[in-house]
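So the protein lines, in turn, are chains A, B, C, D, E and F.
FYI, numbering that gives the first Met the number 0 numbers position 222 of the first sequence as 221, with every residue one higher than the one before it.
FYI, numbering that gives the first Met the number 0 numbers position 204 of the second sequence as 203, with every residue one higher than the one before it.
FYI, numbering that gives the first Met the number 0 numbers position 75 of the third sequence as 74, with every residue one higher than the one before it.
FYI, numbering that gives the first Met the number 0 numbers position 36 of the fourth sequence as 35, with every residue one higher than the one before it.
FYI, numbering that gives the first Met the number 0 numbers position 241 of the fifth sequence as 240, with every residue one higher than the one before it.
FYI, numbering that gives the first Met the number 0 numbers position 79 of the sixth sequence as 78, with every residue one higher than the one before it.
A virtual CB, placed ideally from N, CA and C, is assigned to each residue, including glycine.
Just so you know, these numbers come straight off a predicted model, no measurement behind them.
Below is one structure; the comments refer to it alone.
6 protein chains.
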Amino acid sequence: MTDLVTVGEATLRFSPPRGERIPTAREFVAHAGGPESNVAAAAATLDLDAVWLSKLPDTALGRRVVGDLRRHGVRTGVAWTDRGRTSTAFVERGAPAGATTIPDRENAAVTTMAPEDVPLGVVGDADTLFVSGATPTRSETLFETTATLLDVAGDADTTRAFDTRYAATNLGPEDARDVYDRLLDNVDLLFVDESDAETVFGLDGDVVPAAHSLRTRYGCETVVVTRDGTDHPVVGLAGESIYEVPPFEVETHDSAGAHDAFVGGFLAGRHHGEDVHGALRDGAATAALKRTVVGDAVVGSRRDVEAIRERRSE
Amino acid sequence: MTDLVTVGEATLRFSPPRGERIPTAREFVAHAGGPESNVAAAAATLDLDAVWLSKLPDTALGRRVVGDLRRHGVRTGVAWTDRGRTSTAFVERGAPAGATTIPDRENAAVTTMAPEDVPLGVVGDADTLFVSGATPTRSETLFETTATLLDVAGDADTTRAFDTRYAATNLGPEDARDVYDRLLDNVDLLFVDESDAETVFGLDGDVVPAAHSLRTRYGCETVVVTRDGTDHPVVGLAGESIYEVPPFEVETHDSAGAHDAFVGGFLAGRHHGEDVHGALRDGAATAALKRTVVGDAVVGSRRDVEAIRERRSE
Amino acid sequence: MTDLVTVGEATLRFSPPRGERIPTAREFVAHAGGPESNVAAAAATLDLDAVWLSKLPDTALGRRVVGDLRRHGVRTGVAWTDRGRTSTAFVERGAPAGATTIPDRENAAVTTMAPEDVPLGVVGDADTLFVSGATPTRSETLFETTATLLDVAGDADTTRAFDTRYAATNLGPEDARDVYDRLLDNVDLLFVDESDAETVFGLDGDVVPAAHSLRTRYGCETVVVTRDGTDHPVVGLAGESIYEVPPFEVETHDSAGAHDAFVGGFLAGRHHGEDVHGALRDGAATAALKRTVVGDAVVGSRRDVEAIRERRSE
Amino acid sequence: MTDLVTVGEATLRFSPPRGERIPTAREFVAHAGGPESNVAAAAATLDLDAVWLSKLPDTALGRRVVGDLRRHGVRTGVAWTDRGRTSTAFVERGAPAGATTIPDRENAAVTTMAPEDVPLGVVGDADTLFVSGATPTRSETLFETTATLLDVAGDADTTRAFDTRYAATNLGPEDARDVYDRLLDNVDLLFVDESDAETVFGLDGDVVPAAHSLRTRYGCETVVVTRDGTDHPVVGLAGESIYEVPPFEVETHDSAGAHDAFVGGFLAGRHHGEDVHGALRDGAATAALKRTVVGDAVVGSRRDVEAIRERRSE
Amino acid sequence: MTDLVTVGEATLRFSPPRGERIPTAREFVAHAGGPESNVAAAAATLDLDAVWLSKLPDTALGRRVVGDLRRHGVRTGVAWTDRGRTSTAFVERGAPAGATTIPDRENAAVTTMAPEDVPLGVVGDADTLFVSGATPTRSETLFETTATLLDVAGDADTTRAFDTRYAATNLGPEDARDVYDRLLDNVDLLFVDESDAETVFGLDGDVVPAAHSLRTRYGCETVVVTRDGTDHPVVGLAGESIYEVPPFEVETHDSAGAHDAFVGGFLAGRHHGEDVHGALRDGAATAALKRTVVGDAVVGSRRDVEAIRERRSE
Amino acid sequence: MTDLVTVGEATLRFSPPRGERIPTAREFVAHAGGPESNVAAAAATLDLDAVWLSKLPDTALGRRVVGDLRRHGVRTGVAWTDRGRTSTAFVERGAPAGATTIPDRENAAVTTMAPEDVPLGVVGDADTLFVSGATPTRSETLFETTATLLDVAGDADTTRAFDTRYAATNLGPEDARDVYDRLLDNVDLLFVDESDAETVFGLDGDVVPAAHSLRTRYGCETVVVTRDGTDHPVVGLAGESIYEVPPFEVETHDSAGAHDAFVGGFLAGRHHGEDVHGALRDGAATAALKRTVVGDAVVGSRRDVEAIRERRSE
């Protein structure tokens, strides 16, 4: 039985060295990243048997994506096709004033991933299913596939986890909310960033009532509200309980993917039997580890995450 | 007055180091290349005032293309747009057995370059206009633009040079021949590779009659037949005269763009007053110089080309 | 059911850039390599479900080895331990006169891999088991483990493939022959390099009688004799039939691991239903592909191997 | 008509990676830099048609300088010569305690650039002429050339901008003041760093009276006083008005050339019709963008500068 | 006469680039480091004639260590052997949360360095001998060798300097104290880190009484207590005098080896005639310089150290 | 007693990667090289105690040169000065058609090295002194210093070895011959390249009579004639004997410095007691080893050279 199934798109990202820019850099470092693949990589780092399902063109670029994720310990289940592109993006690292990300994701093969491209049995056999808002908003087909996945998981008692990821939807607030409304009743565990809560649902101010409001709206068992930057604690609501965990301080080399590492760490904590508070701590420690590493996916081991956790418990 | 105007597409190419492959390489070196931009770079290396005209998205990728060409001494005239992509390609260098080029050129901005995107006055004022078969076969719009360019150049007594570049057309032989038939009556100087002559026009065997046949078919003043590899001489027909120039031997680091360097060197030789034989020698020396350099565009100076030419005259 | 199980040691190899040497190089490129892991990587490249079983210390170095192999598409089954080292080696690439390999493999964790460290059920369920002479000669424990593996495979009708790999045994000819004599009666498919046949078994001169002699000695169904360098054909004996396949010519960047790529390609060919002749061709094409790539493991796809095969059939 | 003409020297700078030093670094990154070329690059980034005029040896090093500047969008007008060197410098990046710059600029070709080496017509046709104190103090010939340039510009109503750049003069305060006194009556727009005002003109304390004093001394229309570091605002005096603009905060990767980027940004702002206050903001934003980028010249686009400007207006 | 003799082990350290980790980095930068070799390098940077004595295998790795140290200006006296390993370590730079150092020092050749492997005459002729606690705790043989060295130096009036370096001993506090007790009566100048004083000797709280207590315990002429991090001053006790010198602020790129650079700077200061206060300043400035440079050994010159010292005296 | 003293200039050379050129390369690799320092490095590789004497500016560039040579095992005796430059050169590696070397050696500090800058006692105590024609032709001062060195060595029975190195003299044939005539009567062992013999002394055709003629002209005990490329044997004349040794075949990565490696290997062979024939073989093997390594100086060990020698003796 698989611990975690994630389904979505991964992009092959090309980055010039820190301090250099796209117009003049000689070399670009390549690595694969995407909300669901990053979450799977974080979970695998914490020893979960994590699978990422997707659809890719059968080219060297497509195989590159798979090899990168496998190196991070993720198992991959890919529907190979001769049609459509591998998503690429050209990303300046760090956060310089004029930093630029040029996504180049038109006509990606994944946008044609229909339910029959997904081994649904794997989803039913899994402990947890994870999908982000980036997936159902990529194409009509992916919306249907996402809905099917949540249905299948619901029928099989697979925990359904969802991350709103509004910024990745490329939609306006109302269209995004509409998508969420059509899917989230079918979700057990909802991750939402504070800024998404504000922009999409108009929930600004204190995050606890915001989380409460979302839990009520969609009937999720657990709602976790993440926060931008490293200043504020994340907040989790489960049943009547409210938990807060502040971020861990580390030397940041690249904050890309830190949010996804949090999600992967949280899911791994839950899988290992932690309560919501412990899982929030695992998530925060995994996000901190991610920030020390260049690239979208966390690199390290469960011991590394524990070492970060321990530092503050004392 | 401009010496040479070239019009077409340039692709931003990403290559892993020699001996590494797309699925596992860490770094990719970026550089711009395309038939017309490579020709312009070669001509500029030989001190021509060479301009490349194109259409690009107003992004860091588009500006990268322009910066690369400017560094090679090419002036650029770009219609900037907010629509369409910058063409990319992922290219394994050298010629290993399984080497792979993955072009990613769908929906490139250049495919929408209409005649009104081109400063036609520059074409009329130029000494020579150069276009390859890659351009008119990219889109209907580019076909019309190419035809317009040849008309404008014809009216202005600008020399019209054309390179068949069949492999870059992505067409079958018949469709390609059809495009050539609609354009080449309007051409003064035709470059055709031996393999194109064979595949598209069925002209195999000796290259001299092949060149003669093409000259008759299209009424070009001069026809130059290039040859694959570095074993056979190039052949030029002008009037009743036939010229042959064997390739120069060099230590090859990258043969990409050598054909285009030949064309640019030939055009520069003509511009500097060389006869067809001298221009063929300039072309062959420029192609040899290109092979010593990694990338699509030749790097060096007129002196470097002359040094190669001299080596054999002795 | 697994297609191929390989069992053995992988070494983390650190190489300076070509043309630089250990005493003065600034940077060393790391990658994992070993006879059995290389064979598994080659088989995985040809779409086999290939597993590599081993024992490693639970450190970042050990995880590095696993990540590298997973990236090549190999599944890994590792007994993690807190004792013993990860094997390392410092290797100057290419074949300069004074090139140096400094193996640093003392006290490697793998030398303590007992039969109970190996999931023997996986071996019994597999189509083919592969082990090289490097494994049973590393330690007494590994000899016993190897013997057990061959027994288990024999009982389960798993094809047992073995590569003599004399140079990797660090033994004298007589000791090595002694090891072979104790194991090879239990082998179905034997790979032996021409030089091993000569040094260990005194079989010099024509390779066909040498292969015949080894088949008789050990009662193997199939014997394949590989040859040093790229000048001579490999030879396979199966039943009364003799097959020869010459090497494919490619631009060589690194010949490390080409022998293992041959073995992996041969096993994949057999798995895909090729006869011995076809499998020899698959092996030779995979070895050729390996030579175009830097590192111990082949990188590419089944299509790449087929492209090389096709080139000569014409 | 050209928007901006700058005249001066550019140095080919070789830098080890950050954290490495000249005695032990393996690799040095090369790029061209100089007060006037940096200003031209900044102005070109902001879409001005900017030309840099100079004199260089006709070698690969000289061509390198030109290619680097062209890549930044600067047009170049170079008097090529067979005499004299290309200026080089070996520069440790960042600001470590013992950081070292070793300039190697003796006998540079540019020191022989006489008025007849400069296309004076270009200066007369330009909107603005820019020269720094580094130029007239390099040689007697360059002093005369600078004086001629200011005369020609004055006659043609070309705006004359001058940056004192005392540290680059290699002169004592009195000699430098003497040079300034002989040239600055002929200047419309004067840039002076606070430390230059103090060291050369004895104007310490508040910068506003210092600027006022310099404007009176030389009769310049506008005086801009820049400040060391990123703590204090720049100050501009024009007519009776006084403007202050604080620096923009960014992640600094390399502060080399930030002063020149300020000047280029200011000149571009003026050219685009901004008043002194707006131009100071453009300058400050361009300097901030420069700090995010490694090298002497800013890399980016007018949009990047605007994005930085916008951040604070809110 | 040699100014400084140091005796001990150097490790060949392989580090991925900052922000990358061992499991996924492509390249590792190699450099040699060790307490005694780092001290010698720092002293040589300050113009001392410094020798490092050790025992190494006669391989390219062993020669690499020697070449690295020679490049830093250290003379080397090595007993070459065919037995034993070169110590290696795989070190993630910077201080990310989960940073890892994997030492791989078992069976190093140096552990067999007996007194007869050391040119004792060099020790007797030297001005100062330096050894750290890392050396006598590596093996029984090295303990005897260390004791012999201190005896020889004592007989010859060579100043005996010792650094406790508890963390490098791999011993528990009691075993370490036992080693120190058997050696330190024979020492003139003792360096001890505040944390060692606390852990090994139970001396916490104010460092002055701690230093006093150690001076009394071992009868050393001078005791210097260093402090973790860059927040607290170092403290020196000599006779009845107490000196404090705060650290110098610099842009830190790598703090590895800063403690050793302090020791080398202090010894050089003493050698150049500085009193304890001046030597503490030299030490602190050398440590600061080290922090600006990547690697274990300081790179620079006496001028660089003086430049740092001067900055604060003003 | 020193085995070998060499006296001359070393240049800090900056090279782009193979296949890249000065105008467009991003990175340049630095290393020190010069006839006398290369010879010393080769001799040190073969275990000689070799010293290089020179004069350098006391800058990071000067210290870089010294550190590079020390890393190669050369001891250095440098007269540090505050005047004059470090020689630099910008060198494209390999031998592409248009490859360029831009020497930048004007006003080098070494040109002022007077006899009193040289520790003449070291020369008198040495076994052998080596100087090349590049040294006395750099300046009047260096001519006098060279003459003094040869005198001192002659008086002390130090073997005087000299390499004509005509191409490095920057003189015409007659001027060079004049310099040689004034110095070479004082030389015991003369190295002359075949092309120098031809150009300077008009000795073309067979090399044996050429060597004979030079030995007669200058009264040298031994004359060694080297040959361009790797096709022809080197020839040595000593007394009435004539020896020929063909070059060893290796994979060439960089032929820079191979001639100097030959000289160093020959001198080391003589020092180790080889006769002229054996020393020629040592020289040829050292030159072969050099070709396998990038840079001006050979890297390796006496074993590496012996391994190459052995390969052919069989």
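**OP:** Sort E:209, E:303, E:139 by Cα distance to residue 112 of chain E and report the nearest one.
**Re:** Residue E:139 is the option with its Cα nearest to residue 112 of chain E.
Original post:
If we ignore side chains and look at the alpha-carbon of each, how far apart do residue 308 of chain B and residue 4 of chain B end up?
Top reply: Rounded to whole angstroms, the gap between the alpha carbons of residue 308 of chain B and residue 4 of chain B is 26 Å.
Original post:
Between residue 67 of chain E and chain F, is there a C-beta pair that is closer than 9 Å?
Top reply: Interface residue, yes.
**OP:** Starting from the beta carbon of residue 253 of chain B, find every residue of chain F whose beta carbon is closer than 7 Å, and list them in chain order.
**Re:** When 7 Å is used as the limit between beta carbons, residue 253 of chain B is near these residues of chain F: 18, in chain order.
**OP:** Report the partner residues of residue 102 of chain A according to the DSSP bridge assignment.
**Re:** Per the DSSP secondary-structure output, residue 102 of chain A pairs in a beta bridge with A:88.
**OP:** Check each candidate in A:211, A:28, A:251, A:193 and name the one with the smallest Cα separation from residue 231 of chain A.
**Re:** The candidate whose alpha carbon is nearest that of residue 231 of chain A is A:193.
**OP:** Apply the 10 Å Cβ neighbour rule to residue 70 of chain F and answer buried if 16 or more other Cβ atoms are within range, or exposed otherwise.
**Re:** The Cβ neighbour count for residue 70 of chain F, taken over all protein chains shown within 10 Å, is at least 16; the residue is labelled buried.
Original post:
Mapping DSSP to helix, strand and coil, what is residue 307 of chain C?
Top reply: Three-state DSSP puts residue 307 of chain C in a helix.
Original post:
Can you give the Cα-Cα distance for residue 282 of chain C and residue 237 of chain C, rounded to whole angstroms?
Top reply: Taking the straight line joining both Cα atoms gives about 16 Å.
**OP:** Return yes when at least one heavy atom of the ligand GTP lies under 8 Å from the C-beta of residue 113 of chain E, else no.
**Re:** Inclusion of the ligand GTP in the displayed structure is not the case, the ligand content being empty and no account of it being possible.
Original post:
Taking the alpha carbon of residue 66 of chain C as the point to measure from, which residue in E:1, E:10, E:21 has its own alpha carbon closest?
Top reply: Taking only the C-alpha atoms, the option nearest residue 66 of chain C is E:21.
Subject >> Segments assigned beta strand (DSSP E), at least 3 residues, entirely inside the region 134-207 of chain B >> reply: Within the region 134-207 of chain B, the complete beta strand (DSSP E) segments of 3 residues or longer fall at 158-162, 188-192, listed in chain order.
Subject >> For residue 136 of chain C and residue 96 of chain B, the rounded distance between their alpha carbons >> reply: For residue 96 of chain B, the pLDDT reaches just 49, beneath the cut-off of 50, and the residue's location in the model is therefore unreliable, although a value from the coordinates is still provided. C-alpha separation (whole angstroms): 36 Å.
Original post:
Which stretch, first to last residue, makes up the alpha helix (DSSP H) that contains residue 61 of chain D?
Top reply: Here the alpha helix (DSSP H) through residue 61 of chain D covers 59-70.
Original post:
Between residue 95 of chain A and chain D, is there a C-beta pair that is closer than 9 Å?
Top reply: Interpretation of residue 95 of chain A is limited by its pLDDT of 49, a score under 50 that renders its predicted location unreliable; the figure taken from the coordinates is listed afterwards. Among the CB atoms of chain D, one or more fall inside 9 Å of the CB of residue 95 of chain A.
Original post:
Can you find a C-beta in chain E that's less than 9 Å from the C-beta of residue 82 of chain F?
Top reply: No, residue 82 of chain F does not count as interfacial toward chain E.
**OP:** Output, in chain order, the set of chain E residues within a Cβ distance shorter than 7 Å of residue 23 of chain D.
**Re:** By Cβ distance, chain E contributes 70, 298.
Original post:
Going along chain C, which residues have a C-beta under 8 Å from residue 62 of chain A?
Top reply: Near residue 62 of chain A (Cβ distances below 8 Å), the residues of chain C are 300.
**OP:** Taking only the alpha-carbon atoms, compute the straight-line gap between residue 175 of chain E and residue 216 of chain E and give it to the nearest angstrom.
**Re:** Answer to the nearest angstrom: the Cα atoms are 15 Å apart.
**OP:** Would you be able to state if there are at least three C-beta pairs under 8 Å between the region 40-54 of chain D and the region 78-93 of chain F?
**Re:** Output reads no: the region 40-54 of chain D does not touch the region 78-93 of chain F.
Subject >> Secondary structure of residue 300 of chain D, DSSP reduced to three states >> reply: In the displayed model, residue 300 of chain D falls within coil according to three-state DSSP, outside both helix and strand.
**OP:** Identify which residue in D:184, D:155, D:154, D:195 has its Cα closest to the Cα of residue 170 of chain D.
**Re:** Residue 170 of chain D has its Cα closest to that of D:195, out of D:184, D:155, D:154, D:195.
**OP:** Quick one: list the residues of chain D neighbouring residue 58 of chain F, beta-carbon separation under 8 Å, in chain order.
**Re:** Within 8 Å Cβ-Cβ: 99, 101.
Original post:
Should residue 37 of chain D be labelled buried (16 or more other beta-carbon atoms within 10 Å of its own) or exposed?
Top reply: Residue 37 of chain D comes out buried.
**OP:** Look up residue 45 of chain C in the DSSP assignment and say whether it is helix, strand or coil.
**Re:** Three-state DSSP puts residue 45 of chain C in coil, outside helix and strand.
Subject >> C-beta atoms of residue 278 of chain A and residue 269 of chain A nearer than 9 Å >> reply: Yes; because the gap between Cβ atoms is below 9 Å, this pair is in contact.
Subject >> Distance, residue 252 of chain D Cα to residue 109 of chain E Cα >> reply: About 42 Å.
**OP:** Can you give me the start and stop residues for the alpha helix (DSSP H) that residue 275 of chain C sits inside?
**Re:** Residue 275 of chain C -> alpha helix (DSSP H) spans 275-290.
Original post:
Rounded C-beta distance between residue 64 of chain C and residue 85 of chain C? I'm assuming under 8 Å.
Top reply: Indeed, because the Cβ distance is near 6 Å, the residues count as touching under 8 Å.
Subject >> Meets three-Cβ-pair contact criterion under 8 Å: the region 150-161 of chain B and the region 19-35 of chain B >> reply: At 8 Å Cβ cutoff, the stretches do not touch.
**OP:** Find out if the Cβ-Cβ distance for the pair residue 181 of chain F, residue 132 of chain F is shorter than 9 Å.
**Re:** Taking 9 Å as the Cβ cut-off, residue 181 of chain F and residue 132 of chain F do not qualify as a contacting pair.
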